[in-house]
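For reference, the structure is listed below as structure tokens.
Chains as they are written, first to last, in the numbering used here: chain Y, 140 to 895; chain P, 379 to 672.
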């Protein structure tokens with residue numbers, strides 16, 4: 140059923156979040172909050188070298204330390220053949236994943252795990268790490284993406300022969316693959332161009348900076364049955380990956396999702412769980428592991444940094460006729476940057492006749508990248524949206540008008556083959572035009588930037604269960620970890636379908652043994668796909684409730700109508716009966732066929748793409764290079780906001796992470812390839828006082844493929860900020876800012892180079 | 379592993395005896411906002427901790443002979459709430475108000491900030507500019523030295539193993555005096571100074587500077603007391619020419635390094651900028667204006 144134009148009572152309101160009290164009172168159980176009797180503490184020894192051959196590992200001294208129960212190295216894990224893994228938002232190979240959680244033969248980045256210890260206390264485990272004698276042969280390393288592509292660069296993997304080029308290269312290199320997207324004839328297109336802009340842009344790897352470090356508690360039972368308690372964006376993913384990396388059956392592992400303290404894509408793969416299970420198997424005890432913040436920075440994935448070239452050709456009237464874009468993405472130590480989405484997303488917003496995009500996936504001696512909110516899109520859009528701003532200036536055109544003129548519409552065919560349908564980009568741009576922020580003149584001493592962003596959003600496999608309890612209250616369960624308010628939105632959709640108040644529905648995240656397979660929380664898929672499953676389960680329950688009422692009344696089921704949480708006779712012909720509510724029907728469930736319950740599994744298709752536009756006003760202290768974000772407005776097509784406060788929160792959070800990416804966040808390496816700022820003091824995420832109120836404006840162009848019209852909202856808002864801020868800074872200073880982060884020293888150096 | 383002994387003596391004598399008697403690394407604890415972090419990260423492994431906070435008077439502020447005495451372990455928040463300190467030394471107060479967070483300021487102390495001997499310490503340039511003296515106690519008795527003689531290098535001080543700071547003396551404040559502290563950080567709070575600058579001035583009736591002390595933080599291995607900056611101010615009103623000389627003197631005094639927090643060029647340039655801005659605030663305050671620096 141489709142509820143898009145119906146009179147909604149619950150969906151679209153702002154009830155108090157169901158997980159709020161536990162979180163603000165500190166009672167919520169996060170990954171590090173569980174204990175098991177007799178448990179051991181696991182700790183990981185990490186490589187101090189950016190690139191080194193592991194000559195030998197002698198664990199004998201560590202094993203002899205009182206309190207140490209086991210030491211594992213890569214020898215304790217099966218050697219896995221190359222095989223593509225399914226994963227939410229970025230490609231991953233099981234062989235690489237295995238080598239990433241425990242180095243095999245070579246340490247490929249500073250912080251790469253080389254051994255792990257289980258001991259009776261954390262202090263003993265840490266002391267034991269110092270007793271593990273690893274002999275390294277230190278190799279030359281490479282950090283930067285352009286340097287990693289150079290002919291004389293140290294090669295990380297001697298079996299990496301660039302794919303996507305013919306003939307196959309004879310020599311191994313750090314370029315894992317080359318991808319190409321072509322539309323039209325770009326050379327012919329540039330011949331018709333009257334104005335051309337060109338630029339080279341670079342971005343730095345940035346960490347997801349979730350506040351909760353990775354942690355888990357694993358128990359390998361003597362019967363080979365395994366339980367894992369951990370926080371992730373997908374406990375089914377944890378189960379499958381752990382099984383694969385240890386050569387076990389999936390059925391023997393049960394994963395319980397902990398409350399998650401942020402993921403943003405960074406918890407769509409495993410680091411600790413297989414190690415904890417291996418230590419538990421070796422010791423027969425439960426093993427608890429938790430990373431420090433330093434380990435999170437040194438050992439877990441940020442998103443890619445990149446180097447990009449852009450050339451855009453346009454007619455004098457603003458029609459963009461041709462775009463050439465080259466993108467080189469850092470993948471970290473193993474192949475698999477988000478180069479695909481990087482090649483697609485920057486230009487997906489515009490209807491352009493001739494496009495040529497070439498992308499390179501490049502390894503270097505840094506932690507393997509992991510997904511981060513709209514992986515690849517913020518990077519490519521920084522380049523495209525910055526270049527568009529320069530184009531607007533060159534054309535003497537307002538930056539909004541330039542975008543309106545070229546905006547993708549329904550029916551626009553992208554350079555990667557998809558034809559847009561049911562998109563709301565034009566509506567977003569219209570909302571920019573009428574918004575008070577855009578219409579207010581820029582204050583003296585400030586300047587304004589505009590940039591847009593796109594993300595595909597995905598659907599996929601989800602399972603949900605709705606159960607009417609004995610008293611008529613409702614339990615709903617799904618397999619989706621709640622990273623952004625899904626317990627609230629799922630409960631609201633169930634309540635809407637059942638016609639009851641949302642406080643009668645309690646939603647939980649079920650473990651892997653208690654609900655059908657559910658793909659991980661990523662790609663902004665949960666409200667769409669799991670929402671579809673839970674809505675369908677609620678509808679099945681309504682059908683069943685009507686049947687039960689009909690049985691109680693002894694009439695035909697199609698003579699029963701369901702509204703406002705009650706069964707009514709469909710008309711006077713059906714008979715005169717007092718309406719039956721959930722409690723009345725539940726009371727008689729035992730006599731009308733047993734429990735009232737429905738579980739639905741879907742493979743949801745038709746996730747509507749998302750578009751956003753951000754406006755920001757900045758001031759720049761030209762003597763120190765400090766940037767102040769004075770005003771910020773984020774406008775986005777959200778399809779239908781199920782719980783508008785959560786949607787606004789997603790948009791605000793994305794914008795804030797983007798502001799950090801734009802202004803200060805970066806990994807600082809010394810000449811040995813070691814990270815110098817593995818903590819929040821010198822890895823500078825924004826603090827609250829850096830950020831103005833982010834005004835989130837919800838544009839609702841319903842997605843007809845979702846029962847309530849929802850489309851994904853969590854990723855689009857991190858796409859526009861870097862260019863929006865960069866464009867504002869350029870307009871404030873008259874100097875282009877093609878390199879992130881636009882930190883005070885960078886800005887002052889750029890001003891000084893420009894003689895300002 | 380060697381054990382750790384924690385003590386909290388209630389007299390100067392007892393504290394000094396404990397420090398003198400320790401065979402391993404002994405650390406004086408006041409607020410602990412540096413020491414505990416260093417211990418947790420494994421950089422510092424003391425055998426003995428002598429907590430001074432139980433020593434009478436060490437967490438108090440009092441007036442004496444027209445000046446102010448601030449106990450060495452007095453939390454920053456207590457100094458910030460003290461009316462006399464706000465009136466006489468707003469620059470010192472605002473420097474303390476920049477350290478860490480509100481929570482950290484509930485513990486961190488002037489003595490800790492000075493003896494941690496970081497060149498980037500926020501309260502130290504303000505203390506130097508204020509011409510404060512440190513009252514030091516130890517086995518050989520009591521001595522008083524200018525605060526700028528305490529740090530000798532990054533993480534190093536001139537204090538003997540059995541010595542600690544008991545209190546700071548702030549001199550009486552002549553009429554038409556004002557001080558200010560400014561720092562630059564990439565964010566708006568919760569950060570470490572990339573450059574810091576403390577300036578204290580006394581003016582005559584016509585606004586001409588008769589005395590000045592100027593200091594720079596995070597541009598050399600220790601906080602610097604820069605006489606050339608003071609020379610640029612004394613005898614002048616704060617006109618453009620004076621500001622330009624002050625800026626140049628500040629830049630000339632910098633001996634910074636390139637590190638994760640800033641480049642040599644950046645630090646040098648910004649030192650000049652902050653000197654000009656801090657001087658304006660200090661002069662305004664000396665002229666009786668109430669100015670908020672942050």
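The C-beta atom is built at its ideal place from N, Cα and C for all residues, glycine as well.
Buried or exposed by the 16-neighbour rule on C-beta atoms within 10 Å, applied to residue i
i              : result
residue 437(P) : buried
residue 403(P) : exposed
residue 379(P) : At residue 379(P) the pLDDT is 45, less than 50, meaning the model places this residue with poor confidence; the figure from the coordinates comes in the next sentence. Looking at its Cβ environment, which holds fewer than 16 other Cβ atoms inside 10 Å, residue 379(P) is exposed.
residue 524(P) : exposed
residue 672(P) : exposed
residue 560(P) : buried
residue 895(Y) : exposed
residue 381(Y) : buried
Any C-beta of chain P under 8 Å from that of residue i
i              : result
residue 164(Y) : no
residue 413(Y) : no
residue 302(Y) : no
residue 883(Y) : yes
residue 833(Y) : no
residue 825(Y) : yes
residue 758(Y) : no
residue 887(Y) : yes
residue 807(Y) : yes
residue 504(Y) : no
residue 381(Y) : no
residue 341(Y) : no
residue 763(Y) : yes
Terminal residues of the beta strand (DSSP E) in which residue i lies
i              : result
residue 354(Y) : 354-359
residue 192(Y) : 191-197
residue 340(Y) : 334-342
residue 760(Y) : 749-760
residue 429(P) : 426-429
residue 276(Y) : 272-277
residue 587(P) : 587-595
residue 700(Y) : 699-702
residue 499(Y) : 493-502
residue 736(Y) : 735-743
residue 540(P) : First-last for residue 540(P): undefined, no H or E at that position.
residue 560(P) : 555-562
Enclosing alpha helix (DSSP H) for residue i [first to last residue]
i              : result
residue 808(Y) : Segment: none, residue 808(Y) is in no alpha helix (DSSP H) and carries neither H nor E.
residue 884(Y) : 883-892
residue 684(Y) : 670-692
residue 503(P) : 501-507
residue 543(Y) : 538-545
residue 162(Y) : 159-163
residue 529(Y) : 516-534
Assigned secondary structure, residue i (DSSP; H/G/I helix, E/B strand, else coil)
i              : result
residue 414(Y) : helix
residue 661(P) : helix
residue 480(Y) : helix
residue 666(P) : coil
residue 860(Y) : helix
residue 878(Y) : strand
residue 865(Y) : helix
CB contact check: residue i to chain Y, cutoff 8 Å
i              : result
residue 570(P) : yes
residue 646(P) : no
residue 674(P) : The structure shown does not extend to residue 674(P), since chain P is modelled only from 379 to 672, so the question has no answer here.
residue 482(P) : no
residue 566(P) : yes
residue 638(P) : yes
### Message
Please give me, in chain order, every unbroken run of the beta strand (DSSP E) with length at least 3 that falls completely inside the region 565-650 of chain Y.
### Response
You should have 586-594, 599-607, 613-617 and 644-648.
### Query
What are the uninterrupted segments assigned as beta strand (DSSP E) that are 3 or more residues long and contained completely in the region 404-470 of chain P, given in chain order?
404-407, 426-429, 439-442 and 445-449
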